[in-house]
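Protein sequence lines, in the order shown, are assigned to chains E and X. Under UniProt numbering, think of the first position of the first sequence as 1, with each following residue one higher. Under UniProt numbering, think of the first position of the second sequence as 1, with each following residue one higher. Glycine included, C-beta positions come from ideal geometry on N, C-alpha and C.
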Amino acid sequence: MNIYAILYIIGLVLNFEGAFLLLPCITAAVFRETQGFAYLVTMAICFVIGLPMMILADKKKKEFYSKEGFSAVAICWFIIGIFGALPFWFTHEIPNYVDALFETFSGLTTTGASILNDVEALSKCSLLWRSFTHWIGGMGVFVFVLAVFPKTAGNNIHLMRAESPGPQVNKLVPHLRDTALILYMIYTFLTIFEIILLIIFGMPIYDSICTSFGTAGTGGFGIKNDSLGGYSVQLQAIVTVFMVLFGVNFSFYYLIVAKKLRDALRMEEVRIYLAIIIVSVAAISINIAHMFSNIFEAIHHSFFQVASIITTTGFSTCDFDTWPIFSKTILVLLMFVGACAGSTGGGIKVSRIVVGIKVSIKAVKSYVHPRSVTSVRLDGRVINDDTERMISVYTVIYALIFMVSMILISFFDNFDFTTNFTAIAATFNNIGPGLEKVGPTCNFSIFTDFSKVVMMFDMLFGRLEIFPILVMLSPRTWRC
Amino acid sequence: MRIVIAGCGKIGSVLVEQLSKEDHDVSIIDTNKEVVDKLSNQYDVMGVIGNAAVMKTQKDAGIEDADLLIAMTGSDELNLICCLIAKKVGNCNTIARIQNTDYAEGLDAIKKELGLSMTINPEKAAAEEIVRVIRFPSAMQVETFAKTKVEIVKVRLEEGHKLIGLKLVDLPSKINVEALVCAVERGEEAIIPKGDFVFQQDDVVSIVASPKKARVLFKKLGILKGRIRNVMIVGGGGISFYVAKALNIMGIANTIIEKNPERCRKLCEELPGSNIIEGDAVDQSVLYEEGVDKVGAFVAMTNIDEGNILMSLYVKKHSHAKLITKIHRIRYNEILNNMDLGTIVCPKNIVSDNILSYVRARQNSFGSNVETLYKILDGKAEALEFIVRSGSKVVGIPLQKLNIRKDMIVACIQRGRKVIIPRGQDVINEGDSIIIVTTKSGINELDNILDTE
């Protein structure tokens, strides 16, 4: 274990966080809010700790391998959260530090679950910082670091692999830095495009920036108490479309930019993702049609909600907790499906589900034809045994963590099953709102601090896809 | 440059390492998933698993935008198909590894027809290097430039050598041969020597000369150990075959010791001039029987690195033969260099060096005037070839009056077919092709060699 390499990376990331904090500072200056000082202080703390760390560790050997890469990413995510929560605490906007941590981790992991009863009471700079954590966390801190600071240390691919969602992490172009740059360019372009569209259709500039950050990272922090319910139908429709767009595998956009439209349209994962959305919208629309004045309104709301849940964003336009049980069941199932691999969304990921189903079909076939030789394909390419195995393992660990979390929070919080189940589902899959007591109109402040910590871990497990954190926690990693 | 490497065996892997270190956009293709995973984890390259001769695989690796495809799979035919497809789809330059001797005759036609930029035969390339070393037994290494018209010969000044203590200025009067000391390695450092430079013991001196003059030079320097008259080669692989063939043409007696009877028979049929011995060289009596203590050069060419090292160490102890050791797999260079195994030949490195110099030259031809670029002295110095264009500041002035930077030297002037090893009074003309040796990298204009300060 090369501690210096990890220290160097932590220092580097802290400096980047310091730089990120500039944005809320500027916001505070624009709106003349005194809370801005809390952000300045935090920024100073980040630099004071980060710079010496980076400089001291710089002289040592910085070679690092898989275990260093994975644990560094996990540790850094914890550290970013711990420091990112300080301003909320300094300003007393969130007096309990555990609550502040919950809010920050919820932001970074693009969950969007909140403990705030009255969001609108927060200062503008704090609201922006909350939404901005979504944007950073969505595409990933390390992808950003790699894009602007290419020579971090040895094998950077491990950092990217630990942070990027999906069963396989593929480079778009040979150089890692270029890959990271392309991803962030697409990401930034889409975000700016959304901001402009929202402004054109009449959303205030500040609101549209925060909302776009929330959509881009598929986070879901609203800056209003009723999330997006108060905005016009057009604005909600724009957000719906962008949520769907940010849930698509970013390779899709790269292929389009690279003028390989045919290859892009052939991407099996994207097609199935869109198919799931269409079928779900249709089913829910029929189911809730009687609750609205006309079918279009029903389609509008069901489309928004389906997009919001499957991409794991978690915005809401109406209280879907009042919808019939059939619709709610579909939404809860969509929580687990999640978005595409290589997008900013969470959940199990469409590609894992698709491959999982194909592997199951293959297993059944092997009972019928015991001697048959079969392979599983995605996009016409054979999925190798390793990937197949990792997907199965992932699903098992996923289920285990889910069960353990359920048991842990049920012990301290004696709520009904739906509340506890959807609370874990909503945090583990990085969605935000669940059902019943954690429904779209409620929040997570009802839980004890212990449960909040459990859910923080769940959010990180969900965002980093389990393994980096397990590597970090494994004693084997630190022994040598 | 955007480079696709098809086939990541030993040579392919070395290329991946070198090219990605030089910051090229490298994609690799191999059918073996483990190899691709390992390399793409280790280096900043994009990996594609699949048959490199399939158009789709090549497209996945980005052949459409690539500048160069290097086909290094184990199969010659596959390499040719790879290049053919790459040429059609990507319209890029192609390099293929062609190893089978049967294709040697038609190679030029194939090269022309398929538009290959370069074909490379690792065994032959290694053999050429070995033959050069045998021709100059006193030299540690010989490199050729300007289409083999100029050579750079490396010599170590051993204890008691007459150059030790001599000033460079006094060298021409002492040796009176058209030759030029272009670089000296002292310990880890590489120096471009000027007139007041004094030679010390254990300096490794690089000398530029034409091949003919190089022999004379050695004689004058008193370090010619005498022509090697007989060579013993252990292991009858492809490299040994090419070495023996070249030695036969040069009239140097050679003995090949090979274990496999069938291989012996084949060698015997194809190398009428060589003495083929069936036997295992691990058995010392075989070596003695064939007179290992009297040979001029001992070449260890078996497929087992450890065996080669041990044999060379043994022979070193019991004879004065020039040692040449093939090491293919082991990479502990620091230790090997200390073991004094004579000249170490590593086929994969020779091939990758050849390809690298091609890539560097291509790279340099974008927006610079460098014709070719060679890394010499283990990459510590560069030899750059320029064509002198009109308007250059160096034209028409005798070299001694040119204010050339301290860390570079004009090593050679090529005027038409004539090669001039320059002295102070020589003048560079328009249209000349000149070679600059420098320890500073990144020179891309001829005029940059002048010290402007």
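Item                                                                                                                            : Value
Three CB pairs or more closer than 8 Å across the segment 196 to 213 of chain X and the segment 152 to 172 of chain X           : yes
Coarse secondary structure for residue 414(X), derived from DSSP in three states                                                : strand
Beta-carbon gap between residue 54(E) and residue 11(E) smaller than 8 Å                                                        : yes
Contact the segment 234 to 247 of chain X vs the segment 113 to 127 of chain X: 3+ CB pairs below 8 Å                           : yes
Assigned exposure category for residue 323(E) - 16 Cβ within 10 Å defines buried                                                : buried
Residue-chain proximity (residue 174(E), chain X), Cβ-Cβ < 8 Å                                                                  : yes
Limits of the alpha helix (DSSP H) - the one that residue 28(X) falls within                                                    : From DSSP, residue 28(X) is part of no alpha helix (DSSP H) but of the beta strand (DSSP E) over 25 to 30.
Where the beta strand (DSSP E) through residue 454(X) begins and ends                                                           : Residue 454(X) lies beyond the stretch modelled for chain X, which goes from 1 to 453, so this question has no answer here.
As assigned by DSSP and simplified to three states, the class of residue 93(X)                                                  : strand
Neighbouring residues, chain X, relative to residue 171(E) (Cβ below 7 Å)                                                       : 46
Within 8 Å, strictly: CB atoms of residue 70(X) and residue 15(X)                                                               : yes
Residue 33(X) at chain E interface by Cβ criterion, 8 Å                                                                         : yes
Span separating the alpha-carbon of residue 314(E) from that of residue 391(E)                                                  : 26 Å
Among 118(E), 376(E) and 78(E), the one whose alpha carbon lies nearest that of residue 472(E)                                  : 78(E)
Residue 185(E) - containing alpha helix (DSSP H), residue span                                                                  : 176 to 200
Whole-angstrom distance between residue 8(X) and residue 461(X), CA atom to CA atom                                             : Only positions 1 to 453 of chain X appear in the structure, and residue 461(X) is not among them; the question remains open.
Integer Cβ distance of residue 230(X) from residue 296(X), believed to fall under 8 Å                                           : 5 Å
Residues of its chain near residue 394(X), where Cβ-Cβ distance is below 8 Å and the 5 sequence neighbours each way are ignored : 388, 402, 428, 446, 447, 449 and 450
Span separating the alpha-carbon of residue 409(E) from that of residue 13(E)                                                   : 32 Å
Interface flag, residue 157(E) vs chain X, CB-CB below 8 Å                                                                      : yes
Per-residue contacts from residue 384(E) into chain X (C-beta, under 7 Å)                                                       : 33
Within-8 Å CB hit, residue 26(X) to chain E                                                                                     : yes
Reduced DSSP category for residue 7(E) - H, G, I as helix; E, B as strand; rest coil                                            : helix
Cβ-based burial, residue 214(E) [other Cβ within 10 Å; buried from 16]                                                          : buried
The segment 301 to 314 of chain E in contact with the segment 276 to 293 of chain E per 3-pair CB rule at 8 Å                   : yes
Which listed residue (293(X), 133(X), 180(X) and 178(X)) has its alpha carbon closest to that of residue 227(X)                 : 133(X)
Residue 473(E) (DSSP reduced to helix, strand or coil)                                                                          : helix
The segment 110 to 124 of chain X touching the segment 267 to 277 of chain X, judged by at least three CB pairs closer than 8 Å : no
Sequence-distant residues of the same chain with beta carbon closer than 7 Å to residue 287(X), five excluded per side          : 281
Residue burial classification, residue 153(E) (beta-carbon count within 10 angstroms, cutoff 16)                                : Unreliable positioning characterises residue 153(E) in this predicted model, as indicated by a pLDDT of 48, which lies under 50. A coordinate reading is not provided.
Under the three-state DSSP convention, the category residue 307(E) falls into                                                   : helix
Buried versus exposed, by CB contacts within 10 Å (16 or more), residue 92(E)                                                   : exposed
N-terminal and C-terminal residue of the alpha helix (DSSP H) that residue 212(X) is part of                                    : 211 to 221
Range covered by the alpha helix (DSSP H) that runs through residue 265(E)                                                      : 261 to 265
Residue burial classification, residue 311(X) (beta-carbon count within 10 angstroms, cutoff 16)                                : buried
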